[in-house]
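Take the sequence shown: its position 5, counted from the start at 1, is 4 in numbering that gives the first Met the number 0, and no numbers get skipped.
Okay, structure first, notes after.
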Amino acid sequence: MRLPLALACVLWTAPVLAGAWTLEQGETKTFVTSSFTYGENGFDKNGRLVSVPEYRKFELSGRFEYGVRPWLTMIAIGELREESVETVVTPNLIAPVSTSFGSVAGGARLRLHKAPNWVFSTEVKLLSGGFDSNGTSAPADGLALDSRAMFGIGGEVLGKHTFADVQAAYQTSFQEDDADEINIELTLGRQVRPRWLVLAQSFSTFELGGSDTQYHKVSASVIRRVSERLQVEVSGLATVYGRNALQEFGGKLGFWYTY
Numbered sequence: 000m001r002l003p004l005a006l007a008c009v010l011w012t013a014p015v016l017a018g019a020w021t022l023e024q025g026e027t028k029t030f031v032t033s034s035f036t037y038g039e040n041g042f043d044k045n046g047r048l049v050s051v052p053e054y055r056k057f058e059l060s061g062r063f064e065y066g067v068r069p070w071l072t073m074i075a076i077g078e079l080r081e082e083s084v085e086t087v088v089t090p091n092l093i094a095p096v097s098t099s100f101g102s103v104a105g106g107a108r109l110r111l112h113k114a115p116n117w118v119f120s121t122e123v124k125l126l127s128g129g130f131d132s133n134g135t136s137a138p139a140d141g142l143a144l145d146s147r148a149m150f151g152i153g154g155e156v157l158g159k160h161t162f163a164d165v166q167a168a169y170q171t172s173f174q175e176d177d178a179d180e181i182n183i184e185l186t187l188g189r190q191v192r193p194r195w196l197v198l199a200q201s202f203s204t205f206e207l208g209g210s211d212t213q214y215h216k217v218s219a220s221v222i223r224r225v226s227e228r229l230q231v232e233v234s235g236l237a238t239v240y241g242r243n244a245l246q247e248f249g250g251k252l253g254f255w256y257t258y
């Protein structure tokens, strides 16, 4: 069975609080996150769990958002990633082999309609794909365009601020060997205390073009507001189902700064 490592390289760094909402004019938000995921099992073409070479991934990413107008937010993203996979080095030696990659992305989020409790937006980003230290493309990770529709709703539920965010994206690849993707992201958040926010999320990816690859992840997060400008996030992640995909478990630490 072939389990492409590209399946494990989905960005798990998007700032959920932004969601479909745009920033106010002149407002700036910076998100810095680090995450670690691990896997030693994968899902075969029938969705059954099988053993695969041990895989580890560390990511460090930064995301910058700036409100150009109340209805337009510009976005810039940078990421460093290191992957380690158990590989047969010699007939008598199996050892982890590490590879480091860097990537950048840029785009904008455009608010199409706003009501008192909900908002509808679209977001478009150009993704550079992954590049290693020699400047060569990472396997199955080339130039792509991500276009998404975003819907957010929020209000008071049982005396606590609660919100939901739904995103549907189509990722078009410009590299012949890469498959296009459909991504569905769902977020539910609740302000449980004046300084504490909890989130539940799901991330689903479906590869197109004849590929029978899909994977579905869930995440739970706790966010603490340290000051009026700084928030800290701690998250856990698990892949709950997939086909021709790696099963990952991991965690994330994030810092969100507004100015």
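Cβ coordinates follow ideal geometry from the N, Cα and C atoms, glycine included.
All figures in this text were calculated on a predicted structure; none of them were measured in a lab.
- Taking each of Arg228, Gln230 and Gly188 in turn and checking the Cα distance to alanine 219, the smallest one comes out for Gly188.
- Contact between threonine 21 and glycine 66 is confirmed by a C-beta separation of about 7 Å, below the 8 Å threshold.
- Excluding residues up to 5 positions away in sequence, Gln166 and Phe202 lie with their Cβ nearer than 6 Å to the Cβ of glutamate 184 in the same chain.
- As for any beta strand (DSSP E) of minimum length 3 sitting wholly inside the segment 142-206, the runs are 143-156, 159-172, 180-192 and 195-206, ordered along the chain.
- Contact between glycine 129 and phenylalanine 100 is confirmed by a C-beta separation of about 4 Å, below the 8 Å threshold.
- Below 8 Å, enough C-beta pairs join the segment 38-46 and the segment 236-252 to call them touching: three or more.
- DSSP places alanine 19 outside both helix and strand once states are collapsed to three, so it counts as coil.
- If one requires a minimum length of 4 residues, no alpha helix (DSSP H) run lies completely within the segment 215-253.
- The three-state secondary structure of tryptophan 70, taken from DSSP, is coil.
- A straight line joining the alpha-carbon of alanine 107 with that of isoleucine 74 spans about 5 Å.
- By the Cβ rule, the segment 19-37 counts as touching the segment 49-63, because three or more pairs are nearer than 8 Å.
- By a beta-carbon distance limit of 8 Å, asparagine 116 does not contact glycine 158. Their separation comes to about 16 Å.
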